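Following the numbering used here, the numbering of the sequence shown begins with 76 at its first residue and continues without gaps.
We treat Cβ as the ideally placed atom computed from N, Cα and C, and that holds for glycine.
Since we're looking at a predicted model, the values are computed, not measured.
Heads up: the structure comes next, in structure tokens.
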Amino acid sequence: MINAHPAPNTRPHLSKWLLVATDLLMFLLAHQLGFWLAAAVRHWRELPAFVATPDASLRLSVWLGLVLAGIGWFWLVRGHYTQRRPFWDETRDVVMAMLVLAVLDAALMFMLKSPFSRLWWLTTWSVSLLAVVLGRVLMRRLMMRLGWWERQVLVFGFGENAREAFAALKSETWLGYHVLGFVAPCADVRDAENLDEQPICGKPLLPYLLEEPASQFLARYHQPAILIALETEQLEVQQQLVQRFSVAGADVSIAPPLKGLPLYGTELTHFFSHEVLLLRVRNNLSRRASRFIKRSFDLVASAVLLLLLAPLLLGVAWLVSRDGGPATFGHIRIGRRGEPFRCLKFRSMVIDAQARLAELLARDPDARAEWERDFKLKNDPRVTALGVFIRKTSLDELPQLINVLRGDMSLVGPRPVVADEVERYGDDKVFYLMARPGITGLWQISGRNDIDYDSRVALDCWYVRNWSLWYDIVILIKTIKVVLGRDGAY
């Protein structure tokens, strides 16, 4: 038995209004900061000052009306203040809302024939985006510290699906869920007594007798939220649990076993008077429009990055080539549709690396086993002193921007692999062959070289099944943090 304590989130209405007030305050601060920033830029660039017109109140009225419309959309349409959603999903909504509101702002001022500063318009909406996201992060952290955002949860189930659901909740601290334990539905007292109460994922396994009233069970743990994550063969038990706990007024969620299905962009269809829920699934990368969007983003972003990083690329190339060897080298990797290509990198090893590898694997069985398992060595003696540095900082991968321009690779995608590795994907290799390999990807921001090979394969396949341009942007942002922290690099 666990020592359940009263759920800290006893002020749900206060939490809602605090989030609304925070957004409104951030918008107001952004309006003033945008004005100051525009004035500073004008002074720095010696631009002519913008003279306020007598109808400045009209400008403020339009802006305030758009802000209130945005908050209303966040509240009533997207449920930002009443529902718990993952951070990056919520942030995507904020980005889209700011773009739409900024365009509407400019259009309204044009139609009203009211003069306004385009620089002020740009700075105000840019600062608004950053301020709203930052304000939400700070307010949620404050509410978590005060115990106003935490929501206790009991997970019904203890199989693979329940463990996956627990891992998902644990990875999203933004949601504020605290799992009290896993619950095993038991038909009778005998089943409960025979239950193996060994902890699962560090959480206790609790019995629940199906004959026990749901209200009594909820009261014992102080009204937690209920997450039902049973296996496919437990459908009948799931129906009983949903009916009992929903009638008892519990906050009930279901995590059905959907492993291997493309989830992002799934469309739900309900049928009147029928107990059927239709899930229309699709793989975005199988659509020509999605591939065009991804390729266009790759071309523009890689070209800009190559221009910005040209001095760094030349500097690293000069340092690497000082030992008399080439600055770059190319490994043969398998790309989209199974086509081989030369994956470029700055050379981080000695010139005769291949000969030394063959010699090492011949005399060291441990190294040979590691190579056969991971296709790399954690303590590779062939790596030079400079090579250690450029690997830790991922500078060795910068030449792959050229691969992106050529069309061999993408900025974000599955990990580039050799021909022998493709077979280790098994039936899932079809997903690997659908996409161009990436300079970065889910594997890199999820532990990089510290995760096992099967997990890398699973992450690559999840990415291809659930691709979206927004997820690419999120992965690129997270990659910056991983590279600066040198997480899992060797």
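- I520, enclosing alpha helix (DSSP H) - first and last residue: In the sequence shown, residue 520 corresponds to position 445, counting from 1. 517-520 is the span of the alpha helix (DSSP H), which, as asked, contains I520.
- Task: Can you tell me which of L89, F162, L204, P161 puts its alpha carbon nearest to the alpha carbon of H106?
- Result: Here residue 106 is taken as the residue at index 31 of the sequence shown, counted from 1. Checked all of L89, F162, L204, P161; the closest Cα to H106 is L204.
- Message: Just to confirm the assignment: which complete beta strand (DSSP E) runs, minimum length 3, are found wholly within the stretch 276-353?
- Response: 280-284, 300-303, 327-329, 342-345
- Query: With 16 other CB atoms within 10 Å as the buried threshold, where does F185 fall?
  - Reply: Looking up residue 185 in the sequence shown gives position 110. F185 is classed as exposed because its beta carbon has fewer than 16 other beta carbons within 10 Å across all chains shown.
- Task: Check whether the Cβ atoms of V169 and V207 sit closer than 8 Å, and answer yes or no.
- Result: Against the sequence shown, residue 169 aligns to sequence position 94. Against the sequence shown, residue 207 aligns to sequence position 132. Taking 8 Å as the Cβ cut-off, V169 and V207 qualify as a contacting pair.
- Query: If A240 sits next to V230, beta carbons under 8 Å apart, how far is it from one beta carbon to the other, in whole angstroms?
  - Reply: Counting from 1 along the sequence shown, the entry for residue 240 is found at position 165. Counting from 1 along the sequence shown, the entry for residue 230 is found at position 155. Correct: roughly 6 Å between the Cβ atoms.
- From V463 to L151, what distance separates their C-alpha atoms? The count along the sequence shown starts at 1 and reaches residue 463 at position 388. The count along the sequence shown starts at 1 and reaches residue 151 at position 76. Distance between the alpha carbons of V463 and L151 is about 52 Å.
- Query: Pairing CB atoms from the stretch 222-236 with CB atoms from the stretch 186-199, are three or more of them under 8 Å?
  - Reply: no
- For L89, collect the residues of the same chain with a Cβ closer than 8 Å to its Cβ; drop the 5 residues on either side in sequence, then sort them by chain order. On the sequence shown, residue 89 is found 14 positions in, with the first residue counted as 1. Answer for L89: W223, listed in chain order.
- Task: Assign I526 to one of three DSSP states: helix, strand, or coil.
- Result: Position 451 of the sequence shown holds residue 526. Residue state, collapsed to three classes: coil.
- Would you tell me roughly how many angstroms separate the C-alpha atoms of Y278 and R457, rounded to the nearest one? Counted from its first residue, the sequence shown places residue 278 at position 203. Counted from its first residue, the sequence shown places residue 457 at position 382. It should be pointed out that residue 278 corresponds to Lys in this sequence rather than to Tyr. Cα-Cα distance, rounded: 44 Å.
- Is there contact here, the stretch 384-399 with the stretch 357-375, by at least three beta-carbon pairs under 8 Å? no
- Task: Leaving aside the five residues before and after M509 along the sequence, list all residues of the same chain whose C-beta is less than 6 Å from its C-beta, in chain order.
- Result: Indexing the sequence shown from 1 puts residue 509 at position 434. Closer than 6 Å at the Cβ level, and outside the excluded window around M509, lie L360, V539.
- Message: Given this structure, state the Cα-to-Cα distance separating P474 from I426, to the nearest angstrom.
- Response: For the purposes of this step, residue 474 is taken as residue 399 along the sequence shown, with counting starting at 1. For the purposes of this step, residue 426 is taken as residue 351 along the sequence shown, with counting starting at 1. Cα-Cα distance, rounded: 18 Å.
- Item | Terminal residues of the alpha helix (DSSP H) in which Q227 lies | Taking the first residue of the sequence shown as position 1, residue 227 is located at position 152. Careful: Q227 lies outside any alpha helix (DSSP H), inside the beta strand (DSSP E) at 226-231.
- For L133, which option in P190, A114, V175, L179 has the closest C-alpha, if you only look at C-alpha atoms? Numbered from its first residue, the sequence shown carries residue 133 at position 58. Scanning P190, A114, V175, L179 for the CA closest to the CA of L133 turns up P190.
- So which of L544, G560, M214, K556 has the shortest CA-CA distance to D164? Start at 1 with the first residue of the sequence shown, and residue 164 comes out as number 89. Taking each of L544, G560, M214, K556 in turn and checking the Cα distance to D164, the smallest one comes out for L544.
- Report the rounded CA-to-CA distance for R370 versus V202, giving the unit in angstroms. Translated into positions along the sequence shown, residue 370 becomes position 295. Translated into positions along the sequence shown, residue 202 becomes position 127. C-alpha separation (whole angstroms): 29 Å.
- Query: Which of the three DSSP states, helix, strand or coil, is assigned to P274?
  - Reply: In the sequence shown, counting from the first residue as 1, residue 274 sits at position 199. Coil at P274, not helix or strand.
- Query: Is S377 closer than 8 Å to V479 when the C-beta atoms are compared?
  - Reply: Residue 479 sits at position 404 when you count from the first residue of the sequence shown. Residue 377 sits at position 302 when you count from the first residue of the sequence shown. Yes, Cβ-Cβ distance for V479 and S377 is below 8 Å.
- Grab the span of the alpha helix (DSSP H) containing I368 for me, first residue to last. As a working mapping, residue 368 is identified with position 293 in the sequence shown. I368 -> alpha helix (DSSP H) spans 363-395.
- Task: Please name the residue, chosen from T344, R411, R422, that lies closest to S396 on a Cα-to-Cα basis.
- Result: Counting from one through the sequence shown, the residue named residue 396 turns up at place 321. Measuring from the Cα of S396, the nearest candidate turns out to be R422.
- Taking all protein chains shown into account, decide if N236 is buried (16 or more other Cβ within 10 angstroms of its Cβ) or exposed. To locate residue 236, count along the sequence shown from 1; it is residue 161. Classification for N236: buried.
- Query: Is P129 helix, strand or coil by DSSP?
  - Reply: In the sequence shown, residue 129 corresponds to position 54, counting from 1. Since pLDDT at P129 reaches only 44, below the 50 mark, its modelled position is unreliable, and no value is offered.
- Message: Under 8 Å, with one C-beta from each stretch per pair, do the stretch 140-157 and the stretch 173-180 reach the 3-pair mark?
- Response: yes
- Task: Under 8 Å by Cβ, that's how I've got F416 and D483 pegged, so tell me the actual separation to the nearest angstrom.
- Result: Stepping through the sequence shown from its first residue, residue 416 is reached at position 341. Stepping through the sequence shown from its first residue, residue 483 is reached at position 408. At roughly 4 Å, the Cβ-Cβ gap stays under 8 Å, so F416 and D483 are in contact.
- Reference I275; option with closest CA among L255, L432, V264, Y283: Numbered from 1 along the sequence shown, position 200 holds the residue referred to as residue 275. Out of L255, L432, V264, Y283, L255 has the C-alpha closest to the C-alpha of I275.
- Message: With distance defined between alpha-carbon atoms, name the residue in L461, L435, I465 nearest to L452.
- Response: On the sequence shown, residue 452 is found 377 positions in, with the first residue counted as 1. Among L461, L435, I465, the Cα nearest to that of L452 is on L435.
- Query: Quick one: what's got a C-beta closer than 6 Å to T97's C-beta in the same chain, skipping five residues either side?
  - Reply: As a position in the sequence shown, residue 97 is number 22, starting the count at 1. So the list reads G210, M214, once near-sequence residues are dropped.
- Can you name, in chain order, every residue of its own chain whose Cβ lies under 7 Å from the Cβ of R490, other than the five neighbours on each side? Indexing the sequence shown from 1 puts residue 490 at position 415. So the qualifying residues of the chain are P512, G516, W518, R531, D535.
- Message: Out of P440, V391, G413, which one is the CA nearest neighbour of Y507?
- Response: For this step, residue 507 is matched to residue 432 along the sequence shown. Minimum Cα distance to Y507 is reached at G413.
- Item | Local Cβ density within 10 Å of T128, reported as buried at 16 or more and exposed below that | Looking up residue 128 in the sequence shown gives position 53. With a pLDDT of 47 at T128, under the threshold of 50, the predicted position of this residue should be treated as unreliable, though the coordinate-derived value follows. Burial call: exposed.
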